[in-house]
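Data block below; observations after.
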């Protein structure tokens, strides 16, 4: 009776090829680990400082003279102060509304324009595509944009920070490239079954384009949430300011926030604590939304890169 022994697996050494690339030696691995740890620390440390300062007790912040890295306790007074109905709460609701409306509007326009430009039977297909490319290459500038918004009567209106940025030529090109790459046989079979152009777009194009639309939607959403320059340019009424403009006024410029501004009846914590709490609130919504779109992100970006 013959016995068989499993072949011994050779231990991968420093000269072993992994996917055609030589395996790094121990020294290189240690150096990479140290460098990556330092880089990660430099990236994470400011966020830890911001969150810790926003939650630290007032006495510790006053003693430290500003930033706190390790809070001695958890105190939510700063968050209760800025979320009691004052200027920050109003700006937060405005930013959320502008982001929701603007993202839906931009995604709808981008998907429909990308689909129309991908169909050869669209009247003026080449001319429309040329116009989109020209707008991608030549920016009209601040003064012509301001005059257009003024002539449309959108000054001191939230539409002034939604309409001018509602369609991005780059995103249209990416979505169009995806639609062009769809198998023509699938469209032909649906057309034989009686589907018209609208049904092709709604029941075939949009479901298949879910990854690229998720990525484009994230781009639009982050853009509207961080809307700052257009708001500063078109909105002189402070009651319409989004969160980023409030952030700029009270954090970057250092304007003092009083209890009357925040609508709070309690004693306020130090200004640094309030400013850090506003910073945390401004980044939390994006951090919440991103994980839900992350599974589409790599696929959508790769699709746009390869077929664009």
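In the numbering used here, the protein residues as written are 1 to 308. Beta carbons: idealized from backbone N, C-alpha and C, even for Gly. Quick caveat: nothing in here was measured; it's all calculated off a predicted structure.
Length of the line joining the Cα atoms of residue 153 and residue 101: What you label residue 153 is simply residue 153 of the chain shown in a count that begins at 1. What you label residue 101 is simply residue 101 of the chain shown in a count that begins at 1. For residue 153 and residue 101, the distance between alpha carbons rounds to 19 Å.
Given this structure, state the Cα-to-Cα distance separating residue 30 from residue 69, to the nearest angstrom. Numbered from 1 along the chain shown, position 30 holds the residue referred to as residue 30. Numbered from 1 along the chain shown, position 69 holds the residue referred to as residue 69. Their backbone Cα atoms lie some 28 Å apart in a straight line.
Would you check if the region 32-46 and the region 251-264 touch, i.e. whether three or more CB-CB distances between them fall below 8 Å? no
Are the beta-carbon atoms belonging to residue 226 and residue 161 less than 7 Å from one another? Start at 1 with the first residue of the chain shown, and residue 226 comes out as number 226. Start at 1 with the first residue of the chain shown, and residue 161 comes out as number 161. Their beta carbons are not under 7 Å apart, which means residue 226 does not touch residue 161 by this criterion.
Just the Cα atoms here: how many angstroms apart are residue 288 and residue 281? Numbered from its first residue, the chain shown carries residue 288 at position 288. Numbered from its first residue, the chain shown carries residue 281 at position 281. So the alpha carbons of these two residues sit roughly 11 Å apart.
Rounded to a whole number of angstroms, what is the C-alpha to C-alpha distance between residue 175 and residue 75? Your numbering for residue 175 matches position 175 in the chain shown. Your numbering for residue 75 matches position 75 in the chain shown. Rounded to whole angstroms, residue 175 to residue 75 spans 46 Å at the Cα level.
Quick check on DSSP: helix, strand or coil for residue 22? In the chain shown, residue 22 corresponds to position 22, counting from 1. Here residue 22 sits in strand by DSSP.
Kindly indicate which three-state DSSP category residue 162 falls into: helix, strand or coil? Working through the chain shown from its first residue, we reach residue 162 at position 162. If DSSP states are grouped into helix, strand and coil, residue 162 belongs with coil.
Cβ-Cβ distance between residue 78 and residue 277 below 7 Å: Start at 1 with the first residue of the chain shown, and residue 78 comes out as number 78. Start at 1 with the first residue of the chain shown, and residue 277 comes out as number 277. Yes, the pair counts as a contact, with Cβ atoms nearer than the cut-off.
In angstroms, rounded to a whole number, what distance separates the CA positions of residue 164 and residue 62? Against the chain shown, residue 164 aligns to sequence position 164. Against the chain shown, residue 62 aligns to sequence position 62. About 44 Å.
What is the DSSP secondary structure of residue 255, counted as helix, strand or coil? For this step, residue 255 is matched to residue 255 along the chain shown. The answer is coil: DSSP assigns residue 255 none of H, G, I, E or B.
Leaving aside the five residues before and after residue 250 along the sequence, list all residues of the same chain whose C-beta is less than 6 Å from its C-beta, in chain order. Here residue 250 corresponds to residue number 250 of the chain shown, with the count starting at 1. Closer than 6 Å at Cβ, skipping near neighbours: 257.
Since residue 186 and residue 204 are thought to touch, with beta carbons under 8 Å apart, how far apart are those beta carbons, to the nearest angstrom? As a working note, residue 186 is residue 186 in the chain shown. As a working note, residue 204 is residue 204 in the chain shown. The Cβ separation is near 7 Å, so the contact holds.
Secondary structure of residue 276, DSSP reduced to three states: Here residue 276 is taken as the residue at index 276 of the chain shown, counted from 1. Here residue 276 sits in helix by DSSP.
Is there contact here, the region 235-246 with the region 85-104, by at least three beta-carbon pairs under 8 Å? yes
Do residue 99 and residue 310 come within 7 Å of each other at the CB atom, strictly closer than that value? In this structure the chain extends from 1 to 308, so residue 310 is not present and cannot be described.
Distance, residue 96 Cα to residue 294 Cα: By one-based count along the chain shown, residue 294 stands at place 294. By one-based count along the chain shown, residue 96 stands at place 96. So the two alpha carbons sit approximately 21 Å from each other.
Tell me whether residue 84 sits in a helix, a strand or coil according to DSSP, three-state version. Numbered from 1 along the chain shown, position 84 holds the residue referred to as residue 84. It is coil, neither helix nor strand.
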